[in-house]
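Chemist:
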């Protein structure tokens with residue numbers, strides 16, 4: 001396996017003259033100070049792509065499990081389901097538990113745990129890159145992710161195998177059961193980002209990617225809010241990789257492939273983090289496979305958004321949920337991902353809502369985005385206002 005290098009958004013340690021870096025730092029959205037940036041020519045930026053990586057999703061999920069606390073309702077519900085099993089797994093394997101603490105920090109992470117994504121690669125192919133890491137290289141990465149010396153219990157040759165087995169555990173137990181759902185959420189985020197590019201150019205897309213990332217002009221892409229030596233990446237492959245947990249990092253491999261991993265934003269983010277397969281109120285007419293459009297909602301799945309009862313009774317729960325979600329502009333692809341309903345059902349709901357003057361639409365490049373009209377805002381807000389006057393609460397999650 002070739003040498004991989006990475007840098008996070010809070011600090012950077014440059015490698016030796018061979019260009020070997022042994023760490024990534026986690027994003028710390030601090031304000032002020034100098035900035036780090038990459039030199040990106042027009043051809044490299046024009047050839048860059050948004051891609052989905054199951055390995056990036058797994059590692060971001062591992063980071064969330066390691067933190068043990070979520071900032072969004074979907075994160076908290078997902079943790080309530082999977083954190084006990086994760087902690088039991090580490091309690092039964094103290095060496096791996098120590099490896100996680102050493103390699104996954106708030107600021108620094110060991111490079112071998114997070115291979116730079118490869119477009120179209122399966123989780124199995126990417127976790128094999130972790131497993132095949134040279135043991136000496138893995139220990140060298142830990143010397144940089146730790147504030148002190150590597151613990152004696154981690155001075156062993158099977159660290160890459162231990163890490164790979166833990167990543168496989170997270171994939172099998174906490175990500176794969178929801179992967180089809182999450183993949184659609186990630187793809188919907190890509191649609192939104194590319195639509196933003198068509199409306200406002202790359203600057204508009206990059207400025208909203210995550211804190212500390214923006215287009216500076218003059219062929220410069222800011223990747224953090226701190227002082228780092230600039231890197232010339234013109235001519236390299238540049239990838240933008242969404243994940244549903246609130247995590248992010250930047251990485252590169254052999255100076256030929258660079259990636260910016262960023263969290264999905266807004267309603268897409270929490271829907272994906274929850275890992276829910278479908279939503280209450282979808283009312284499918286035929287049985288399906290959990291996690292696919294048209295499938296029945298499972299009563300115990302986390303992160304299911306609740307539609308106000310009055311609004312659901314008025315419009316039907318599926319149509320009401322579409323209206324609730326259109327607080328911000330979304331495409332039909334995104335609505336399919338968020339609701340679990342089929343494309344035809346979503347299209348029919350949108351036509352009725354358009355004809356009623358409750359939503360509007362606009363074209364963004366090749367996509368058509370839908371959003372609530374003022375009349376729709378009033379209708380969605382009415383159940384909350386009624387509940388407030390009567391002393392009851394309309395619950396949403």
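Residue numbers (full-length UniProt numbering): 1 to 397.
Beta carbons are placed, not taken as given, at the ideal position from N, Cα and C, and that holds for glycine.
Should residue 324 be counted as a contact of the ligand GTP given a C-beta to heavy atom distance under 7 angstroms?
Modeler: With respect to the ligand GTP, the structure shown offers nothing to examine, as it has no ligands at all.
Chemist: Starting from the C-beta of residue 369, find all residues in its chain whose C-beta is less than 7 angstroms away, skip the five residues before and the five after it, and write them out in chain order.
Modeler: Sequence index remark: in the chain shown, residue 369 carries index 369 (1-based). Cβ within range, chain order: 195, 329, 330, 331, 361 and 362.
Chemist: So what's residue 39 in DSSP terms, helix, strand or just coil?
Modeler: Position 39 of the chain shown, counted from the first residue, corresponds to residue 39. Residue 39: strand per DSSP, three-state reduction.
Chemist: Alpha carbon to alpha carbon, what distance is there between residue 311 and residue 322?
Modeler: Walking along the chain shown from the start, residue 322 turns up at place 322. Walking along the chain shown from the start, residue 311 turns up at place 311. Roughly 11 angstroms separates the two Cα atoms.
Chemist: Do you know how far the Cα of residue 249 is from the Cα of residue 96?
Modeler: Position 96 of the chain shown holds residue 96. Position 249 of the chain shown holds residue 249. Taking the straight line from one Cα to the other gives about 23 angstroms.
Chemist: Three-state secondary structure (DSSP) at residue 131?
Modeler: Along the chain shown, read from residue 1 onward, the residue named residue 131 stands at position 131. Reduced to three states, the DSSP call for residue 131 is helix.
Chemist: Could you tell me which uninterrupted beta strand (DSSP E) segments, each at least 3 residues in length, are contained entirely in the region 160–237, listed from first to last along the chain?
Modeler: Fully enclosed beta strand (DSSP E) runs of 3 or longer: 214–217 and 220–222.
Chemist: Please list the segments of the alpha helix (DSSP H) lying wholly inside the region 303–334, counting only runs of 4 or more residues, in order along the chain.
Modeler: Listed in chain order, the complete alpha helix (DSSP H) runs (minimum 4 residues) inside the region 303–334 are 309–315 and 317–325.
Chemist: If you check the beta carbons only, do residue 353 and residue 359 fall under 8 angstroms apart?
Modeler: In the chain shown, the residue the question calls residue 353 occupies position 353. In the chain shown, the residue the question calls residue 359 occupies position 359. Yes. Within cutoff.
Chemist: Can you name the residues that DSSP bridges to residue 249?
Modeler: What you label residue 249 is simply residue 249 of the chain shown in a count that begins at 1. DSSP output for residue 249 lists 261 as bridge partner(s).
Chemist: How about residue 258 and residue 236: do their beta carbons lie closer than 8 angstroms?
Modeler: The residue you call residue 258 lines up with position 258 of the chain shown. The residue you call residue 236 lines up with position 236 of the chain shown. Cβ distance < 8 angstroms, so residue 258 and residue 236 count as in contact.
Chemist: In chain order, what residues of the same chain have a beta carbon less than 7 angstroms from the beta carbon of residue 357, not counting five sequence neighbours either side?
Modeler: Reading the chain shown from its first residue, position 357 is the one you call residue 357. Same-chain partners within the cutoff: 373 and 375.
Chemist: If you pair each beta-carbon of the region 118–138 with each one of the region 68–78, do three or more pairs fall below 8 angstroms?
Modeler: No, they do not touch.
Chemist: Under 8 angstroms by Cβ, that's how I've got residue 39 and residue 231 pegged, so tell me the actual separation to the nearest angstrom.
Modeler: Taking the chain shown and counting its residues from 1, one reaches residue 39 at position 39. Taking the chain shown and counting its residues from 1, one reaches residue 231 at position 231. That pair is a contact at about 7 angstroms.
Chemist: Using only CA atoms, which one of 162, 380 and 255 lies nearest to residue 93?
Modeler: Locating residue 93 in the chain shown gives position 93, counting from the first residue. It is 162.
Chemist: Buried or exposed, going by whether 16 or more other CB atoms sit within 10 Å of the CB of residue 41?
Modeler: Looking up residue 41 in the chain shown gives position 41. Answer is exposed; the Cβ neighbour count stays below 16.
Chemist: For residue 247 and residue 340, I'd like the C-alpha separation in whole angstroms.
Modeler: The residue you call residue 247 lines up with position 247 of the chain shown. The residue you call residue 340 lines up with position 340 of the chain shown. In a straight line, the C-alpha of residue 247 is about 25 angstroms away from that of residue 340.
Chemist: Rank 188, 242, 212 and 218 by C-alpha distance to the C-alpha of residue 335 and give the top, closest one.
Modeler: Start at 1 with the first residue of the chain shown, and residue 335 comes out as number 335. That would be 188, whose Cα lies nearest to the Cα of residue 335.
Chemist: How would you write the range of the beta strand (DSSP E) that residue 110 sits in, first residue to last?
Modeler: Position 110 of the chain shown, counting from 1, holds the residue named residue 110. 108–110 is the extent of the beta strand (DSSP E) around residue 110.
Chemist: Could you give the distance in angstroms between the alpha-carbon of residue 129 and the alpha-carbon of residue 115?
Modeler: As a working note, residue 129 is residue 129 in the chain shown. As a working note, residue 115 is residue 115 in the chain shown. If you take the alpha carbons of residue 129 and residue 115, they lie about 7 angstroms apart.
Chemist: I'd like the span of the alpha helix (DSSP H) that includes residue 148, first residue to last.
Modeler: In the chain shown, the residue the question calls residue 148 occupies position 148. Premise fails: residue 148 is in no alpha helix (DSSP H) and is neither H nor E.
Chemist: Starting from residue 351 and walking both ways along the alpha helix (DSSP H), at which residues does that stretch end?
Modeler: Along the chain shown, one-based indexing puts residue 351 at 351. Taken as a continuous stretch (DSSP letters only), the alpha helix (DSSP H) holding residue 351 covers 343–355.
Chemist: Taking the alpha-carbon positions, what's the residue 325 to residue 174 distance?
Modeler: To locate residue 325, count along the chain shown from 1; it is residue 325. To locate residue 174, count along the chain shown from 1; it is residue 174. Between residue 325 and residue 174, the C-alpha separation is close to 26 angstroms.
Chemist: Buried or exposed: residue 343, going by 16 or more other Cβ atoms within 10 Å of its Cβ?
Modeler: As a working note, residue 343 is residue 343 in the chain shown. With fewer than 16 other Cβ atoms within 10 Å, it is exposed.
Chemist: Please report how far the alpha carbon of residue 233 lies from the alpha carbon of residue 256, in whole angstroms.
Modeler: In the chain shown, the residue the question calls residue 233 occupies position 233. In the chain shown, the residue the question calls residue 256 occupies position 256. Spanning the two alpha carbons is a distance of roughly 8 angstroms.
Chemist: For the alpha helix (DSSP H) containing residue 103, name the first residue and the last one.
Modeler: Counting from one through the chain shown, the residue named residue 103 turns up at place 103. Where residue 103 is concerned, the enclosing alpha helix (DSSP H) stretches over 94–103.
Chemist: Run the CB neighbour count on residue 68, radius 10 Å, all protein chains shown included, and call it buried at 16 or more, exposed below.
Modeler: Locating residue 68 in the chain shown gives position 68, counting from the first residue. Residue 68 comes out exposed.
Chemist: Take the Cβ of residue 117 as the centre, count every other Cβ of all protein chains shown within 10 Å, and call the residue buried at 16 or more, exposed below.
Modeler: Walking along the chain shown from the start, residue 117 turns up at place 117. Classification of residue 117: buried, given that the 10 Å Cβ count is 16 or more.
Chemist: Once you ignore the five residues that flank residue 191 on each side, which residues in its own chain have a CB closer than 8 angstroms to its CB?
Modeler: Within the chain shown, residue 191 is the residue found at index 191, counting from 1. For residue 191, where only same-chain residues beyond five positions count, the Cβ hits under 8 angstroms are 331, 333, 334 and 367.
Chemist: Please state whether DSSP places residue 360 in a helix, a strand or coil.
Modeler: Here residue 360 is taken as the residue at index 360 of the chain shown, counted from 1. Reduced to three states, the DSSP call for residue 360 is strand.
Chemist: In terms of alpha-carbon separation, which member of 176, 316, 151 and 308 lies closest to residue 98?
Modeler: As a first step, residue 98 is located in the chain shown; it is residue number 98 there, counting from the start. The candidate whose alpha carbon is nearest that of residue 98 is 151.
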